[in-house]
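Novice:
In our numbering, the protein residues as written are 7 to 144.
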């Protein structure tokens with residue numbers, strides 16, 4: 007069910023892109039997502055982030071993911087915004103940073119209606135990440 011929901015949302019965002027814009031709000035929230043949800047240890051801050059910044063339909067999945075995460079060695083740290091691309095139904099933000107071993111990694115954070123709907127990592131087997139990553143020229 008989770009994969010189906012994510013695939014549906016990703017399909018909506020894979021539609022043709024819209025006009026430009028700076029997407030400053032989404033860029034800021036993407037970095038905050040990494041710092042609070044992936045790197046942070048404060049459960050209350052994570053719950054607050056989900057309530058305030060995640061699309062209501064995606065909140066159960068984000069809460070589940072929050073409770074399952076344990077190994078932070080492969081999670082992006084020191085995130086920097088590379089780019090943001092508008093899509094018909096939202097914005098995709100590309101972040102670049104380091105893993106625990108110092109190697110470079112990427113993270114996408116996907117927004118609809120100004121709220122996070124998913125954040126696929128750059129795992130080589132992650133098809134959603136691959137499809138969304140193609141939207142960037144960098």
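Here a beta-carbon is modelled for each residue, glycine too, at the ideal position from N, C-alpha and C.
Return the residue from the list 42, 56 and 141 that minimises the CA-CA distance to residue 97.
Specialist: 141
Novice: Taking its Cβ as the centre, do 16 or more other Cβ atoms sit within 10 Å of residue 70, making it buried, or is it exposed?
Specialist: exposed
Novice: In angstroms with no decimal places, state the Cα-to-Cα distance between residue 29 and residue 35.
Specialist: 10 Å
Novice: Enumerated in chain order, which unbroken segments of the beta strand (DSSP E) with a length of 3 residues or greater are wholly contained in the segment 56-104?
Specialist: For the segment 56-104, the continuous beta strand (DSSP E) assignments of 3+ residues that do not extend past its boundaries occur at 83-93 and 96-104, in sequence order.
Novice: Skipping 5 residues on each side, what residues in its chain have a beta carbon closer than 7 Å to that of residue 15?
Specialist: Model confidence at residue 15 stands at a pLDDT of 47, short of 50, so the residue's coordinates are unreliable and nothing is read from them.
Novice: Roughly how many angstroms lie between the CA atoms of residue 52 and residue 129, to the nearest whole one?
Specialist: 23 Å
Novice: From residue 19 to residue 101, what distance separates their C-alpha atoms?
Specialist: For residue 19, the pLDDT reaches just 43, beneath the cut-off of 50, and the residue's location in the model is therefore unreliable, leaving the point undetermined.
Novice: Express the C-alpha separation of residue 91 and residue 143 in angstroms, rounding to a whole number.
Specialist: The alpha-carbon atoms of residue 143 and residue 91 are separated by roughly 10 Å.
Novice: Thinking residue 72 and residue 43 are a contact (beta carbons under 8 Å), I'd like their distance in whole angstroms, please.
Specialist: 7 Å
Novice: Counting along the chain, where does the beta strand (DSSP E) carrying residue 28 start and finish?
Specialist: Where residue 28 is concerned, there is no enclosing beta strand (DSSP E), given that its DSSP letter is neither H nor E.
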